[in-house]
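Trainee:
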Amino acid sequence: MKSCTERTRLTLFALFLWALTSNSYAIEPTSRISVSYGDWAPFTGKDIAHGGILTELVRQAFMKSGYTVIPQAMGWSEALEHTRKQTTDVSIGWLYSPERANDFAYSESIAYTKNVFFHHRELPVSWDRLSDLALLRIGVTKGYYYGERFEQAHSDKTIRVFVADTDADNMRKLVQGEIDLFPLDNFVGRHLLETLYPRDILEITYDENPLLMEPLHLIISQQHPKRTQIMNAFNRGMKALKRSGEHSRILTELQTLLAVERLRLITEDYAPFNYLNEQNQVTGISIEIMNRIMARLGVDRKVGPESVYPWIRAYTEIQRTPNAAIFSITRTPERESLFKWVGPILRSDIVLTGKKSSHLSSIAPEALGNVKICVIPADVAEQTLRLRDIPNRKLIRVNTPYSCAEMLKRGRVDLWAYGRETARWYLNKVGENLSEYEETYALTESSQYIAFNKAVPENVIGRFQEALEYLQLSGELKEIMHYYLSQLPEPDLH
């Protein structure tokens, strides 16, 4: 019989041999994978959340097998060459190509791309075969693969193809009318338009008939010494993500996050809610709330001075810009169907403010047509007065609240129709003693909201509402309002 010591040695030796033979499948917890990709937002990109949808999915898949992902953003042709030469381990975001399959192994699908033809809305596009597009100028991006039938049609000269270096170049050419069609993933195309050409977005559309709908893959060089180990680890992780539902959750959350990142924020000079201070910094109750909502949603973004417009322009921009939000704005029956709404943020009644010396404190509603009232065009106060049939000649329209405050101060108007807190703020700023003013009439009870263009997705609206409700429940909203409103003198209420 073998001794206990000998049996122990044999057992340890067997375990050692098993470890050696299993080495091609073992994953070291500290292993790092370098991942290259080009700029193809919202799928990949160094300047977007988590490096894009594909980057985050790949990161999570590798984490399942103990790998740490080191993302490396570069040009697409550069990413391909780095992967070929194994200076990066893998690259992501690639369609299957028979030619590339000679040099690279392809992974389990990460996500799907739907390539469609973007075109001007005024140019009707209908096609079944690519030969139907023979007379149109088609822009393509250097190094991209558009599927076998497109490549064949290009080779046969069935279609007219014009090559540009980047997707951005092609989108510029499309907007400017230098090409007629641009095949691109529908998400990528919309992202480009919203980022680079928000004013032209209503003029550009795409044909729903897809040029191709194919999976996007991770690729690794066929010559990589750990090709099998890395690919097996990734595929196991990706399948686990899909089985658990994490894949779907990540896709949904990142699409929402990326939509919030590129949302155009529009506001006005309407203190103490949103205004520019002496240092040209945007501040105020609504600004602070919006910044905290962004932080709550995981977006590293703050409202800047470029978001501040005169009200009439702000109100026009929100209606013509599909990926935009305006704040703060009064919610009224007339505006209800124009926007999607998040709120309420806070109560802010619309009142008529005048000098005590004018003796208008007991003015009857029917007598409002006999006095001059300062209003901001398209503001809720102006809209309310027009609905009450106040003569147009009695509504003195100016573009800024500062102008109304000055006109009331100098006696050029009798009353100012505006938000209670806002009128007090600007009268104080132009040097007036608020004890000499009074609210003569309450026009309407109202609340301030965030309004979104109707094209903004419902999931974005829902996330904003959830974030705002968190600020309310946590007490942060109350703290913000107290900080700003406590700086105002108390009103003299009639």
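So the sequence shown is residues -26 to -1, 1 to 468, counted in mature numbering (1 follows the signal peptide of the UniProt record, and there is no 0). Backbone N, C-alpha and C fix where the C-beta goes; we use that ideal spot for every residue, glycine too. Just so it is clear, the structure is predicted and the values come from calculations on it, not from any experiment.
Can the beta-carbon of Y41 be found less than 7 Å from the beta-carbon of I7?
Mentor: For the purposes of this step, residue 41 is taken as the residue at position 67 of the sequence shown. For the purposes of this step, residue 7 is taken as the residue at position 33 of the sequence shown. Taking 7 Å as the Cβ cut-off, Y41 and I7 qualify as a contacting pair.
Trainee: Helix, strand or coil, according to DSSP, for M48 in the structure here?
Mentor: Residue 48 sits at position 74 when you count from the first residue of the sequence shown. Reduced to three states, the DSSP call for M48 is coil.
Trainee: Return the chain-ordered ranges of every beta strand (DSSP E) run that is complete within the segment 371 to 399 and spans a minimum of 3 residues.
Mentor: Here the runs fully enclosed are 389 to 393.
Trainee: For E410, I'd like the list of residues in its chain whose CB is within less than 8 Å of its CB, leaving aside the five on either flank, ordered along the chain.
Mentor: Position 436 of the sequence shown, counted from the first residue, corresponds to residue 410. Answer for E410: K329, K330, S331, listed in chain order.
Trainee: List the whole-angstrom C-beta distance separating I324 from Y392, where the pair is believed to meet the contact cut-off of C-beta under 8 Å.
Mentor: The count along the sequence shown starts at 1 and reaches residue 324 at position 350. The count along the sequence shown starts at 1 and reaches residue 392 at position 418. By a beta-carbon distance limit of 8 Å, I324 contacts Y392. Their separation comes to about 7 Å.
Trainee: From F156, L312, D139, H93, pick the residue whose C-alpha is nearest to that of F124; which is it?
Mentor: The residue you call residue 124 lines up with position 150 of the sequence shown. The residue with the shortest Cα to Cα distance from F124 is F156.
Trainee: Taking the C-alpha atoms as reference points, what is the distance between R398 and L28?
Mentor: For the purposes of this step, residue 398 is taken as residue 424 along the sequence shown, with counting starting at 1. For the purposes of this step, residue 28 is taken as residue 54 along the sequence shown, with counting starting at 1. Each residue's alpha carbon lies about 51 Å from the other.
Trainee: State the beta-bridge partners of N427 as determined by DSSP.
Mentor: The residue you call residue 427 lines up with position 453 of the sequence shown. In the DSSP output, where bridge partners are listed per residue, N427 has F313.
Trainee: Go ahead and pull the three-state DSSP assignment for A75.
Mentor: On the sequence shown, residue 75 is found 101 positions in, with the first residue counted as 1. Reduced to three states, the DSSP call for A75 is helix.
Trainee: Which residue or residues does DSSP assign as beta-bridge partners of Y244?
Mentor: Position 270 of the sequence shown, counting from 1, holds the residue named residue 244. According to DSSP, which records beta bridges pairwise, Y244 is partnered with N248.
Trainee: Cβ atoms of T304 and S420: under 7 Å apart, would you say?
Mentor: The residue labelled residue 420 in the question sits at position 446 within the sequence shown. The residue labelled residue 304 in the question sits at position 330 within the sequence shown. S420 is a Cβ neighbour of T304, given a cutoff of 7 Å.
Trainee: Could you check what DSSP says for H198 in three-state terms: helix, strand or coil?
Mentor: Here residue 198 is taken as the residue at index 224 of the sequence shown, counted from 1. In this structure, H198 counts as coil in the three-state DSSP scheme.
Trainee: Taking DSSP as the reference, what is the three-state secondary structure of K88?
Mentor: Locating residue 88 in the sequence shown gives position 114, counting from the first residue. Here K88 sits in strand by DSSP.
Trainee: Checking 7 Å against the spacing of the C-beta atoms, do T140 and S105 come in under that value?
Mentor: Counted from its first residue, the sequence shown places residue 140 at position 166. Counted from its first residue, the sequence shown places residue 105 at position 131. No, these two residues do not count as a Cβ contact at 7 Å.
Trainee: Pairs of beta-carbons, one from the segment 424 to 436 and one from the segment 292 to 299, closer than 8 Å: are there three or more?
Mentor: yes
Trainee: Entirely within the segment 233 to 309 and at least 3 residues each: give me those beta strand (DSSP E) ranges in chain order.
Mentor: 238 to 242, 298 to 304
Trainee: Are the segment 192 to 200 and the segment 42 to 61 touching by the rule of at least three beta carbon pairs closer than 8 Å?
Mentor: Output reads yes: the segment 42 to 61 touches the segment 192 to 200.
Trainee: Please confirm if the segment 338 to 357 is in contact with the segment 374 to 389, defined as three or more CB-CB distances below 8 Å between the two stretches.
Mentor: yes
Trainee: Does any residue of chain B bring its CB to less than 7 Å from the CB of S322?
Mentor: Protein chains in the displayed structure number just one, and chain B is not present.
Trainee: For R238, tell me which candidate among Y423, L170, Y400 has the shortest Cα-Cα distance.
Mentor: Here residue 238 refers to the residue found at position 264 when the sequence shown is read from its first residue. That would be L170, whose Cα lies nearest to the Cα of R238.
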